[in-house]
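Trainee: Sending over a structure as structure tokens; questions will come in a sec.
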Amino acid sequence: MTQTIAEVELGPDPRAAYRDTLIDLAAEDPRVICLDSDTGGLENTFAERFPDRYINVGIAEANLMTVAAGLARRGFIPYVHTMATFATMRAAEFLKVDVVGNRLPVRVIATHGGLSAAHFGTTHFALEDLAVARALADLAVVVPGDGRQIGAATRQLHELPGPAYLRLGRSATPVPQGSAPDFRLGRARTLREGTDMTIVATGAMPLLFALEAASRLAGAGIDAEVLELHTLHPLDRDGLLAGCRGRAGVVTVEEHRPQGGAGDAVAEVVSAELAVPIRRVAVRGRPGARVAGQRDALEAHGVSADAVVEAAGRLLDHTQNTDRKTR
Amino acid sequence: MAQRIRQDVIRMAGGPEGAHAGGSLSCADLMAVLHARLLRPGDAFVLSKGHAAPALYSALVQLGRLPADELDSYAQPGSRLFGHPAHDLPGVEFATGSLGHGLGLSIGLALAELLRGGDRRVYTVLGDGELQEGSVWEAALLAGHRKLPNLVAAVDRNGLQITGGTEGCVALEPLDAKFAAFGWQVRTVDGHDLAALHEALQPSPDGPVMVIATTVKGRGVPFLERKVAGHYAKLKPALVQRALAALARAAKGEPS
Numbered sequence: 000m001t002q003t004i005a006e007v008e009l010g011p012d013p014r015a016a017y018r019d020t021l022i023d024l025a026a027e028d029p030r031v032i033c034l035d036s037d038t039g040g041l042e043n044t045f046a047e048r049f050p051d052r053y054i055n056v057g058i059a060e061a062n063l064m065t066v067a068a069g070l071a072r073r074g075f076i077p078y079v080h081t082m083a084t085f086a087t088m089r090a091a092e093f094l095k096v097d098v099v100g101n102r103l104p105v106r107v108i109a110t111h112g113g114l115s116a117a118h119f120g121t122t123h124f125a126l127e128d129l130a131v132a133r134a135l136a137d138l139a140v141v142v143p144g145d146g147r148q149i150g151a152a153t154r155q156l157h158e159l160p161g162p163a164y165l166r167l168g169r170s171a172t173p174v175p176q177g178s179a180p181d182f183r184l185g186r187a188r189t190l191r192e193g194t195d196m197t198i199v200a201t202g203a204m205p206l207l208f209a210l211e212a213a214s215r216l217a218g219a220g221i222d223a224e225v226l227e228l229h230t231l232h233p234l235d236r237d238g239l240l241a242g243c244r245g246r247a248g249v250v251t252v253e254e255h256r257p258q259g260g261a262g263d264a265v266a267e268v269v270s271a272e273l274a275v276p277i278r279r280v281a282v283r284g285r286p287g288a289r290v291a292g293q294r295d296a297l298e299a300h301g302v303s304a305d306a307v308v309e310a311a312g313r314l315l316d317h318t319q320n321t322d323r324k325t326r
Numbered sequence: 000m001a002q003r004i005r006q007d008v009i010r011m012a013g014g015p016e017g018a019h020a021g022g023s024l025s026c027a028d029l030m031a032v033l034h035a036r037l038l039r040p041g042d043a044f045v046l047s048k049g050h051a052a053p054a055l056y057s058a059l060v061q062l063g064r065l066p067a068d069e070l071d072s073y074a075q076p077g078s079r080l081f082g083h084p085a086h087d088l089p090g091v092e093f094a095t096g097s098l099g100h101g102l103g104l105s106i107g108l109a110l111a112e113l114l115r116g117g118d119r120r121v122y123t124v125l126g127d128g129e130l131q132e133g134s135v136w137e138a139a140l141l142a143g144h145r146k147l148p149n150l151v152a153a154v155d156r157n158g159l160q161i162t163g164g165t166e167g168c169v170a171l172e173p174l175d176a177k178f179a180a181f182g183w184q185v186r187t188v189d190g191h192d193l194a195a196l197h198e199a200l201q202p203s204p205d206g207p208v209m210v211i212a213t214t215v216k217g218r219g220v221p222f223l224e225r226k227v228a229g230h231y232a233k234l235k236p237a238l239v240q241r242a243l244a245a246l247a248r249a250a251k252g253e254p255s
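Going down the list, the sequences are from chains A and B. In this text, residue positions in the first sequence follow numbering that gives the first Met the number 0: the first is 0, and each later residue adds one. In this text, residue positions in the second sequence follow numbering that gives the first Met the number 0: the first is 0, and each later residue adds one.
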């Protein structure tokens, strides 16, 4: 398989894809409540269809979480809507204490994940949200890597008894070639088989970079496996170990800081069991000084196909300098 | 019930870790009226000022929700009774203690009841220092905006916080005007007058009710009353006896 970004087409608008599923779920399940923090786009869709089940708390993210916890305590399933940075940073303690602390089935729909609102500037970047969400421990955390998975992800999260965090981008991003992929909550997805090394990608742009890097590595005779890790909690321990065992190394790619994100999640599982080096491709430095689009901003701050290829090369150099027979 | 709440608070403050005595004593009458008289089956109660947990534990014991001897375990290893109410404790729907959460939680419960077409009520007790938390005002705006007819909140207005008076720290007054401006039905009462509290804590069809209960921090125990240091007290046995004796005298109408 050879695949480059140039060959792929644009996926669905993530917020629209999610919203369509939410409206379907609300029609099926009277427990669904749409809690809005004046994000825009729900008042003229969900609210028109289900006016009694649409509650706009205003621009008040802390209260968004507490009100949701109260509703969930009485048997409703509140879907709360805000941007990823506000959900996990501004409202973090309310999410922790009221929602996760009580293990209530609130669904946190966190849009503008990563650098997907790149032109909005630093206040709207969410490069730490996955670290916070993962640290809450009892929160399911999903980052669809393909816009066509959003509907299935939303539906599968709906069935969980506890709280969930769904990170979405702001706008449509390209999707890999081929038909819409299967989505299985809690299971890493293999996009490309390989035996030399493994690239684990979380998020839409990282997944495209991983595929492009794998294609270029193949041209250099290196056979890389590509795994999509869309669920960071619960983590697919078995899938990760199977995908990384016996490899020269693992490169993780994510639209997040290296601290606490997908790379750390992979390392938590893999480094406990396997003597395989792991290199993280993640956002470094300080984006936000000059306007750039999502892809350009990522590439300028350490997340690109080039960065994946380079990380892979370093792992292979490292391996050549050690005795592979001892592995 | 209020008298026994005060006695229990003092006993817990005499335990190895001490207790938040001042603010538990100030809201004892409020807690008693709510739990002994107002809360009907299915009504909800949220202790937003979670540090008044000793008062809540006593009320739950008196209602038969917790075994009486469990109070002896307060804050000791193995106990379910933390310094602030924890999850999974019978009679406690939300772990509280981080200030500024209870009003929003209560709004969620009240909205759920309205969505179901029920007539159950939600009561919550806030501290006055707690009102310095911004999240209280996010919640106050929303409750007023939605004119929630099944929500009754009360502020234990004892006037003190850890470093001194609320007005010297970050002033709250005029508190009644603030909540009225946010769309609440505001009622200011003597927070130690049981009959007045009972009347003030009735819900209003016109919107959420905020009872500003004027109280004395440490109420009932002279050496704790109006004392900033009484916020958290670890009482030696002699002081426990002095406090219980003062409560007994007050109950008989004798001077302290």
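Every residue gets a Cβ at the ideal spot worked out from N, C-alpha and C, and that includes glycine.
Using a threshold of 9 Å, state whether the C-beta atoms of B/Gly-107 and A/Arg-188 are closer than that.
Mentor: The residue you call residue 107 of chain B lines up with position 108 of the second sequence. The residue you call residue 188 of chain A lines up with position 189 of the first sequence. No.
Trainee: By the 9 Å beta-carbon criterion, what residues does the segment 97–129 of chain B contribute toward chain A?
Mentor: From the segment 97–129 of chain B, only Ser-97, Gly-99, His-100, Gly-101, Leu-102, Gly-103, Leu-104, Ser-105, Ile-106, Gly-107, Leu-108, Ala-109, Leu-110, Ala-111, Glu-112, Leu-114, Arg-115 and Val-121 have a Cβ closer than 9 Å to chain A.
Trainee: So that I know if they touch, is there some Cβ in chain B lying closer than 9 Å to that of A/Arg-326?
Mentor: The residue given as residue 326 of chain A occupies position 327 in the first sequence. Bear in mind that the predicted position of A/Arg-326 carries a pLDDT of just 40, short of 50, making it too unreliable to give a figure here.
Trainee: Can you find the residues in the same chain that come closer than 6 Å, C-beta to C-beta, to A/Phe-93, ignoring five residues on each side of it along the sequence?
Mentor: Residue 93 of chain A sits at position 94 when you count from the first residue of the first sequence. So the qualifying residues of the chain are Ala-61, Met-64 and Thr-65.
Trainee: Output the distance between the C-alpha atoms of A/Ala-86 and A/Val-96, rounded to the nearest integer angstrom.
Mentor: One-based indexing of the first sequence puts residue 86 of chain A at position 87. One-based indexing of the first sequence puts residue 96 of chain A at position 97. Going by the C-alpha atoms only, they are around 13 Å apart.
Trainee: Cβ of A/Ala-209 within 9 Å of Cβ of A/Ala-200?
Mentor: The residue you call residue 209 of chain A lines up with position 210 of the first sequence. The residue you call residue 200 of chain A lines up with position 201 of the first sequence. Yes, these two residues count as a Cβ contact at 9 Å.
Trainee: Smallest Cα separation from A/Glu-27: which of A/His-118, A/Glu-158, A/Asp-37 and A/Arg-89?
Mentor: Numbered from 1 along the first sequence, position 28 holds the residue referred to as residue 27 of chain A. The candidate whose alpha carbon is nearest that of A/Glu-27 is A/Glu-158.
Trainee: When you compare only the Cα positions, how much space is there between B/Gly-99 and B/Asp-189?
Mentor: On the second sequence, residue 99 of chain B is found 100 positions in, with the first residue counted as 1. On the second sequence, residue 189 of chain B is found 190 positions in, with the first residue counted as 1. Approximately 24 Å between the Cα atoms of the pair.
Trainee: What are the uninterrupted segments assigned as alpha helix (DSSP H) that are 4 or more residues long and contained completely in the segment 83–135 of chain B, given in chain order?
Mentor: If we require 4 residues or more, the alpha helix (DSSP H) runs fully inside the segment 83–135 of chain B come out as 101–114.
Trainee: Please state whether the Cβ-Cβ distance between B/Asn-149 and B/Asp-127 is less than 9 Å.
Mentor: To locate residue 149 of chain B, count along the second sequence from 1; it is residue 150. To locate residue 127 of chain B, count along the second sequence from 1; it is residue 128. Result no, Cβ atoms of B/Asn-149 and B/Asp-127 do not sit closer than 9 Å.
Trainee: For A/Ala-139 and A/Glu-8, what's the separation of their Cα atoms in angstroms?
Mentor: Reading the first sequence from its first residue, position 140 is the one you call residue 139 of chain A. Reading the first sequence from its first residue, position 9 is the one you call residue 8 of chain A. If you take the alpha carbons of A/Ala-139 and A/Glu-8, they lie about 29 Å apart.
Trainee: Report yes if the C-beta distance between A/Asp-237 and A/Gly-193 is below 9 Å; otherwise report no.
Mentor: As a working mapping, residue 237 of chain A is identified with position 238 in the first sequence. As a working mapping, residue 193 of chain A is identified with position 194 in the first sequence. Against a cut-off of 9 Å, the Cβ pair of A/Gly-193 and A/Asp-237 comes out as no contact.
Trainee: Quick test of the definition: if touching needs 3 or more C-beta pairs under 8 Å, does the segment 41–61 of chain B touch the segment 180–189 of chain B?
Mentor: Not touching, per the Cβ criterion.
Trainee: Rounded to whole angstroms, how far is the Cβ of B/Gln-61 from the Cβ of B/Arg-5, which I believe are closer than 8 Å?
Mentor: Counting from 1 along the second sequence, the entry for residue 61 of chain B is found at position 62. Counting from 1 along the second sequence, the entry for residue 5 of chain B is found at position 6. That pair is no contact at about 12 Å.
Trainee: Kindly list the residues whose CB is nearer than 7 Å to the CB of A/Val-275, restricted to its own chain and excluding five residues on each side of it in sequence; keep chain order.
Mentor: As a first step, residue 275 of chain A must be located in the first sequence, where it is residue number 276. Excluding positions up to five away in sequence, the list reads Cys-243, Arg-246, Gly-248, Val-249 and Val-269.
Trainee: Going by beta carbon distance, what residues of the same chain come within less than 7 Å of B/Asp-28, once the five residues before and after it are set aside?
Mentor: For the purposes of this step, residue 28 of chain B is taken as the residue at position 29 of the second sequence. Answer for B/Asp-28: Ala-1, Gly-190, His-191, Leu-193 and Leu-196, listed in chain order.
Trainee: Which chain B residues sit within Cβ distance under 7 Å of A/Leu-70?
Mentor: As a working mapping, residue 70 of chain A is identified with position 71 in the first sequence. Under the 7 Å cutoff, chain B gives Gly-107, Leu-110 and Ala-111.
Trainee: Taking 9 Å as the cut-off, decide whether the C-beta atoms of A/Glu-254 and A/Leu-297 are in contact.
Mentor: Numbered from its first residue, the first sequence carries residue 254 of chain A at position 255. Numbered from its first residue, the first sequence carries residue 297 of chain A at position 298. Closer than 9 Å, so yes.
Trainee: Any idea if B/Gly-22 is buried or exposed, counting beta-carbon neighbours within 10 angstroms, 16 or more meaning buried?
Mentor: For the purposes of this step, residue 22 of chain B is taken as residue 23 along the second sequence, with counting starting at 1. Buried is the call here.
Trainee: Looking only at its chain, what residues have a beta carbon closer than 6 Å to the beta carbon of A/Phe-75, apart from the 5 residues adjacent to it on each side?
Mentor: Here residue 75 of chain A is taken as the residue at index 76 of the first sequence, counted from 1. Answer for A/Phe-75: Arg-30 and Ile-32, listed in chain order.
Trainee: List the residues that DSSP assigns as beta-bridge partners of A/His-80.
Mentor: By 1-based counting over the first sequence, the position of residue 80 of chain A is 81. Answer is A/Asp-35 and A/Ile-108.
Trainee: Give me the DSSP bridge partner(s) of B/Val-154.
Mentor: For the purposes of this step, residue 154 of chain B is taken as residue 155 along the second sequence, with counting starting at 1. In DSSP, B/Val-154 forms a bridge with B/Leu-125 and B/Ile-211.
Trainee: Can you look up A/Phe-75 in the DSSP assignment and give me helix, strand or coil?
Mentor: By one-based count along the first sequence, residue 75 of chain A stands at place 76. DSSP places A/Phe-75 in coil when its eight states are reduced to three.
Trainee: Restricting to Cα atoms, I'd like to know which of B/Glu-172, B/Ala-244, B/Phe-44 and B/Trp-183 is closest to B/Phe-222.
Mentor: One-based indexing of the second sequence puts residue 222 of chain B at position 223. With distances taken between Cα atoms, B/Phe-222 lies closest to B/Ala-244.
Trainee: Looking only at its own chain, which residues have a Cβ that is under 6 Å from the Cβ of B/Ala-12, when we skip the five neighbours before and after it?
Mentor: Here residue 12 of chain B refers to the residue found at position 13 of the second sequence. Excluding residues within five positions, the ones whose Cβ falls inside 6 Å are Ala-18, Ala-20, Ala-232 and Leu-234.
Trainee: If you draw a straight line from the alpha carbon of A/Ala-163 to that of B/Pro-204, how long is it in whole angstroms?
Mentor: As a first step, residue 163 of chain A is located in the first sequence; it is residue number 164 there, counting from the start. As a first step, residue 204 of chain B is located in the second sequence; it is residue number 205 there, counting from the start. Cα to Cα, A/Ala-163 sits roughly 36 Å from B/Pro-204.
Trainee: Since B/Phe-178 is in the alpha helix (DSSP H), which residue starts that stretch and which ends it?
Mentor: Within the second sequence, numbered from 1, the residue matching residue 178 of chain B stands at position 179. Element bounds for B/Phe-178: 174–180.
Trainee: Taking three-plus beta-carbon pairs below 8 Å as touching, is the segment 109–126 of chain B in contact with the segment 167–174 of chain B?
Mentor: Segments in contact, no.
Trainee: For B/Ala-139, which option in B/Ala-111, B/Ala-199 and B/Lys-177 has the closest C-alpha, if you only look at C-alpha atoms?
Mentor: One-based indexing of the second sequence puts residue 139 of chain B at position 140. When only C-alpha atoms are compared, the closest one is B/Lys-177.
Trainee: In terms of residue numbering, what span does the alpha helix (DSSP H) encompassing A/Tyr-17 cover?
Mentor: For the purposes of this step, residue 17 of chain A is identified with residue 18 of the first sequence, where counting begins at 1. Run containing A/Tyr-17: 13–27, per the alpha helix (DSSP H) assignment.
Trainee: I need the DSSP call for B/Tyr-73, collapsed to helix, strand or coil.
Mentor: Translated into positions along the second sequence, residue 73 of chain B becomes position 74. Coil.
Trainee: Flag this pair as touching only if the segment 126–135 of chain A and the segment 32–42 of chain A have three or more C-beta atom pairs under 8 Å; answer yes or no.
Mentor: No, they do not touch.
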